[in-house]
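Peer 1:
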Amino acid sequence: MTQDVQVTDPFEGSTADATETAGPAPRWTLARVMGPVVAVVTVGAALLVPLTGNLYYMDLVQLIALYYVVVAGLNVVSGYAGQLSVGHGALFGAGAYISAILTTRYDQPFWVGFVGAVVGVLVMGLMLGVPSLRLAHLYFAMMTLGFAIVFSQVLLNWQAVTGGYLGIIGVPPVSLFGQDLRGDQLYYFIVGFAVVAGLLVTLVLRGRRGLWWRIVHDDEVSARAIGLSPSRSKLTAFAISAVLAGAAGSVYASFILVLQPDTFDLHLGLVLLVMMLLGGSGSLWGPLIGVPLMLLIDNLAPSGTATYAVGAALIVLTILMPRGAAGLVAVLSDRIQERRMGSVVTAVPNISGPNERQPVPRDSATILEGSGLKKRYGGVAALDGVDLVARAGSVHAVIGPNGCGKTTLLNVLLGLARSEEGAVRLEGEDVTRRSAQYGARRGIGRTFQQPRLSPELTVWENVYAAATAPGPEGDPARRAHEALATAGVTHLAHRKAADIPHAILRFVEIARVLSRRPTVVLMDEPAGGLTGEALSSLGALIATMRAQGVAIVLVEHNVPFVMGAADEVSVMESGRMIAHGGPAEIRRNPAVIAAYLGS
Amino acid sequence: MTDIVNTVISGLSLGATYAFMALAFALIFSTTKVFNLAQAQFLVLGGLLAHTLLVERDWPWLLGALLILPVVAIIGFVQEVVTIRPIKVGYNWILTTLGASFLLQAGFAQMYGAEPYPVDSFVGSTAQHLGGIRFVPSQVLAGVAVLVLVTAIELFARRTRPGTAWRATAQNRDTAATLGINTRRIVTMVFLVAAAVAALGGILTAPTTYASAYGGDLISFMSFLAIAIGGMTTTMGAVIGGFLLGLLEAFSLDLIGAQFNLVMVFTVVLAFLLVRPNGLFYAGESRVV
Chain A
1 MTQDVQVTDP FEGSTADATE TAGPAPRWTL ARVMGPVVAV VTVGAALLVP
51 LTGNLYYMDL VQLIALYYVV VAGLNVVSGY AGQLSVGHGA LFGAGAYISA
101 ILTTRYDQPF WVGFVGAVVG VLVMGLMLGV PSLRLAHLYF AMMTLGFAIV
151 FSQVLLNWQA VTGGYLGIIG VPPVSLFGQD LRGDQLYYFI VGFAVVAGLL
201 VTLVLRGRRG LWWRIVHDDE VSARAIGLSP SRSKLTAFAI SAVLAGAAGS
251 VYASFILVLQ PDTFDLHLGL VLLVMMLLGG SGSLWGPLIG VPLMLLIDNL
301 APSGTATYAV GAALIVLTIL MPRGAAGLVA VLSDRIQERR MGSVVTAVPN
351 ISGPNERQPV PRDSATILEG SGLKKRYGGV AALDGVDLVA RAGSVHAVIG
401 PNGCGKTTLL NVLLGLARSE EGAVRLEGED VTRRSAQYGA RRGIGRTFQQ
451 PRLSPELTVW ENVYAAATAP GPEGDPARRA HEALATAGVT HLAHRKAADI
501 PHAILRFVEI ARVLSRRPTV VLMDEPAGGL TGEALSSLGA LIATMRAQGV
551 AIVLVEHNVP FVMGAADEVS VMESGRMIAH GGPAEIRRNP AVIAAYLGS
Chain B
1 MTDIVNTVIS GLSLGATYAF MALAFALIFS TTKVFNLAQA QFLVLGGLLA
51 HTLLVERDWP WLLGALLILP VVAIIGFVQE VVTIRPIKVG YNWILTTLGA
101 SFLLQAGFAQ MYGAEPYPVD SFVGSTAQHL GGIRFVPSQV LAGVAVLVLV
151 TAIELFARRT RPGTAWRATA QNRDTAATLG INTRRIVTMV FLVAAAVAAL
201 GGILTAPTTY ASAYGGDLIS FMSFLAIAIG GMTTTMGAVI GGFLLGLLEA
251 FSLDLIGAQF NLVMVFTVVL AFLLVRPNGL FYAGESRVV
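In the order they appear, the protein sequences are chains A and B. At position 246 of the first sequence (counting the first as 1) the number is 246 in full-length UniProt numbering, and the numbers step up by one without a gap. At position 256 of the second sequence (counting the first as 1) the number is 256 in full-length UniProt numbering, and the numbers step up by one without a gap.
1) Give the single residue among V41/A, A584/A, A565/A whose Cα lies nearest to the Cα of Q358/A.
2) V118/A and A247/A: beta carbons closer than 8 Å?
3) In whole angstroms, give me the CA-to-CA distance for A198/B and T52/B.
4) For L505/A, tell me which candidate among R517/A, P526/A, V520/A has the shortest Cα-Cα distance.
5) With respect to the alpha helix (DSSP H) encompassing S371/A, which residues constitute its N-terminal and C-terminal limits?
6) Sort out for me which residues DSSP pairs V386/A with in a bridge.
7) According to DSSP, what are the bridge partners of V571/A?
8) Taking beta-carbon pairs under 7 Å, can you tell me which members of the region 258-270 of chain B lie near chain A?
9) Once you ignore the five residues that flank A16/A on each side, which residues in its own chain have a CB closer than 8 Å to its CB?
10) Since R362/A sits in a beta bridge, which residues does DSSP pair it with?
11) Could you pull out every unbroken alpha helix (DSSP H) segment of at least 4 residues lying fully inside the region 187-220 of chain A, listed in chain order?
12) Please list the residues of the region 157-179 of chain B that have a C-beta atom closer than 8 Å to any C-beta atom in chain A, keeping them in chain order.
13) Quick one: grab the DSSP three-state call for A337/A.
14) What did DSSP end up calling E482/A once you bin it into helix, strand or coil?
15) Any Cβ of chain A within less than 8 Å of the Cβ of A211/B?
16) Starting from I240/B, follow the alpha helix (DSSP H) in both directions and report where the run begins and ends.
17) Kindly say whether L103/B, judged by its beta-carbon, lies nearer than 8 Å to any beta-carbon of chain A.
18) Alpha carbon to alpha carbon, how far is L200/A from A239/A? Give it in angstroms, no decimals.
19) Taking the beta strand (DSSP E) that H494/A belongs to, which residues open and close that run?
20) Is Q179/A helix, strand or coil when you go by DSSP?
21) Would you say F83/B reaches chain A, if we count a Cβ-Cβ gap shorter than 8 Å as a contact?
22) Residues of the region 107-138 of chain A with a CB closer than 9 Å to any CB of chain B: list them in chain order, please.
23) When you compare only the Cα positions, how much space is there between A547/A and A540/A?
24) Using CA coordinates, which residue listed in R576/A, L122/A, V112/A is at the minimum distance from A595/A?
25) Which of the residues in the region 28-41 of chain B, read from start to end, lie with their CB under 7 Å from any CB of chain A?
26) Considering only DSSP beta bridges, list what D429/A is partnered with.
27) Using DSSP's beta-bridge definition, name the partner residues of T458/A.
28) Output the distance between the C-alpha atoms of V289/B and A225/A, rounded to the nearest integer angstrom.
29) Taking only beta carbons into account, state which residues of the region 266-282 of chain A come closer than 8 Å to chain B, listed in chain order.
30) How about L300/A and G290/A: are their beta carbons less than 8 Å apart?
31) From this set, A480/A, H267/A, A237/A, which residue's C-alpha is nearest residue 624/A's C-alpha?
32) Cβ closer than 7 Å: which chain A residues qualify as neighbours of I94/B?
33) Taking the alpha helix (DSSP H) that H129/B falls in, what are its first and last residues?
34) Do Q79/B and A109/B count as a contact pair if the criterion is CB distance below 8 Å?
35) Hey, is Y596/A's beta-carbon within less than 8 Å of any beta-carbon in chain B?
36) Give the interface partners of D217/B over in chain A, defined as CB-CB distance under 7 Å, in chain order.
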């Protein structure tokens, strides 16, 4: 337990050695090895099944493969992006029906049906997602529920097209290059289809988008502060999952040959969700476990008890293993990892700032300017006509008692809240009505009173995700490495954020901001909870940023710290600026002394 | 003209069911920020039990209601303890309450089958005609009852000490707890009351809608749309949203018939959400950080 980490300070006595890199991630961990192992085992087993010649097993494997494709997509939107959908049964059904209608009623070849299904389901997904993904989680879940119910009604009632209760019979089999696929050929085609879909999903999820989705899932405010648009991210995830559901539906129609409306009711949507949960939502390989397991439960449950089984599974699984099979492995893997790396992180970043503090040049450019900002919450004026200017290479501190509107000011400057009057200008451009993500993309960085990092991601993943998010140019990996070095947290790169003490997370959060090469950084009480070496490291880090020409707005309570770090100080009280000037000037200002500093 | 009046009346009648359900949802949501997906099953259960007691056993209406409401309230409490209380993080309650809804529905289906059952109302449930205008007394009663109920709840919340404690809990549970309010007890009360409200809705609306084991999904969904229109957090908004949704459904039934009315209702609400994402009675944003 007491085995401390061996910390090698990458830049002893000097600052920001940009050549220092975070080093490779741990070569293997249980959680990392599981994915390839599970994939090889399941695909290997699937390839062996035809050797048995057992048609029942072969049908079952093909069904598993098709459901896997749907669940892999569901995992993107529900597991990674965190938007629960109970409508994927209906999307899958829509793909099947569109394909079947095109191939039977309009005599089109299979591939036309396939493309039609993919496009049609994508359009449905966008129509459903655009209005509901802007809102809280709940709306999306309920809207997909609504879609499932409406879809059932359409299948039953639009008899001219869907065949109503009778469904559609005589769907032609999959055909490629003029040849119908049957038996073993169809089997290998479907397994191959699932493998390709699985590889594509893996590719997307292991890239920067996978990280973005997890960050959007964890904390939308934090996501916007690094330039991500939560609704766009979620819509992309949903679109990808709709395409997969539509494609799988199309192949399903040509595999099963007879479509019945009750196959695609709400029940299927829930079964798919349970499959995802069983494997572990947000796990790359979870669906490979969850889908076969659930089909097994479904087939083993005595007839008539399927609804009880699904209902009970939802409750028991969610409570017992909120992160599914993959969650159990992750816990085990973390424990092994902890034994290897030691569990306690105590090393405080050791940063020494620039040797000399240069005065701010007179012609220093105004980067961010707020003028006449007003914001009311209920009856309380949080901002009541506030002006503030942040200049390049200069620290503008804002002090004032709790609740005087400092945090609201930062929110309004970034665009997390909107000023009712006045204007915010970013390098001359009026950004008053722009979103936070727009501001973040144009160079505003923001840290929070409580560090807002994704706890399950490593420090590196947190910083790298921000570096890759839209906005800054140049190699994101290099920017991320440099930012980690500047903030003195390189040695923590492969630690999970959840394992790192609060005080050190502040430095990680600053590294995340720096990886985006911001022109202005808004800091919300960065010194809160810092003492001793950590506090002086923070001072040095702010001085380094200042020396690099970053404009800094520093909201802070620690007055001695502020007086050491700031070039100019504004004092707020009840939503107004009551004083503004250099640190020495402010210290002597009678109004400030009366209102805030005390005698 | 009388056509329109009749459509409005039938819309308000449909809306009474959604208003009851939306009220039950909003009570829970405003207090706990949980949307209990099993809640509609209590409306179904209220109707089914009303059939058993009032029709099959021929009990007096009041006696039946007096037994049904506490029984369903207790089931609602148990459901909360099993499927909502253990959920500590995130939106996992969507899954557990959905699971509870499935279990309850499967149970109802096993006991009652899939067919719809009639229920009596003491004011009569046959259509009355007044001039060209057609109305059903039991539905008028249901509509009036839900309005009286929501007014009483609003008055309770605003004018009494326990009501104030309840509002404090709804606003911020942790802060309320620090102020010495027994928030656990308030949440329990809310779930008991919300289940009883749903059950009363079932008893009062079943004379015209019939009680059916599988009725819950659709009512649940429609009431959610009602809340989306009215705003998630105000009980009065939920009830008004319920009536508005009923009107929307009645007019779309008139326009395009029963086959695709749901498609139309759903599309209109989606379009509405594009314009007013937070509903009609949204109280205003709160600070994000």
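Glycine residues also receive a C-beta, built at the ideal position from the N, C-alpha and C atoms.
Peer 2: Answer, in terms of the structure:
1) A565/A
2) yes
3) 17 Å
4) Selected option, being the one with the closest Cα: P526/A.
5) S371/A: not part of any alpha helix (DSSP H); member of the beta strand (DSSP E) spanning 366-377, first to last residue.
6) BP columns for V386/A point to L373/A.
7) Answer by DSSP bridge pairing, in chain order: I399/A, A579/A.
8) Q259, F260, L262, V263, F266, L270
9) In this predicted model, A16/A has a pLDDT of only 36, less than 50, meaning its place in the structure is not dependable enough to derive any value.
10) Looking at the DSSP assignment, R362/A forms no beta bridge with any residue, so it has no partner.
11) Listed in chain order, the complete alpha helix (DSSP H) runs (minimum 4 residues) inside the region 187-220 of chain A are 208-218.
12) Hits within the stretch: zero.
13) A small correction: the amino acid at residue 337/A is Gln; Ala does not occupy that position in the sequence shown. Reduced to three states, the DSSP call for Q337/A is helix.
14) helix
15) no
16) 235-256
17) At least one C-beta of chain A is nearer than 8 Å to the C-beta of L103/B.
18) 14 Å
19) Premise fails: H494/A is in no beta strand (DSSP E) and is neither H nor E.
20) Q179/A falls in the strand class under three-state DSSP.
21) Here residue 83/B is Thr; the residue named in the question, Phe, does not match the sequence. Closer than 8 Å: yes.
22) Listed in chain order, the positions of the region 107-138 of chain A with a beta carbon within less than 9 Å of a beta carbon of chain B are M127, L128, V130, P131, S132, R134, L135, A136, H137, L138.
23) 10 Å
24) Closest by alpha carbon: R576/A.
25) F35
26) Here residue 429/A turns out to be Glu, not Asp, going by the sequence shown. Looking at the DSSP assignment, E429/A forms a beta bridge with L426/A.
27) DSSP lists K496/A as the beta-bridge partner residues of T458/A.
28) With a pLDDT of only 47 at V289/B, under 50, the local geometry of the prediction cannot be trusted, and no value is derived from it.
29) Residues passing the 8 Å Cβ filter: L266, L270, L273, L277.
30) no
31) Shown here, chain A extends from 1 to 599; a query on residue 624/A therefore has no answer.
32) L84, A141
33) Not the alpha helix (DSSP H): H129/B falls in the beta strand (DSSP E), residues 128-130.
34) no
35) no
36) I149, L266
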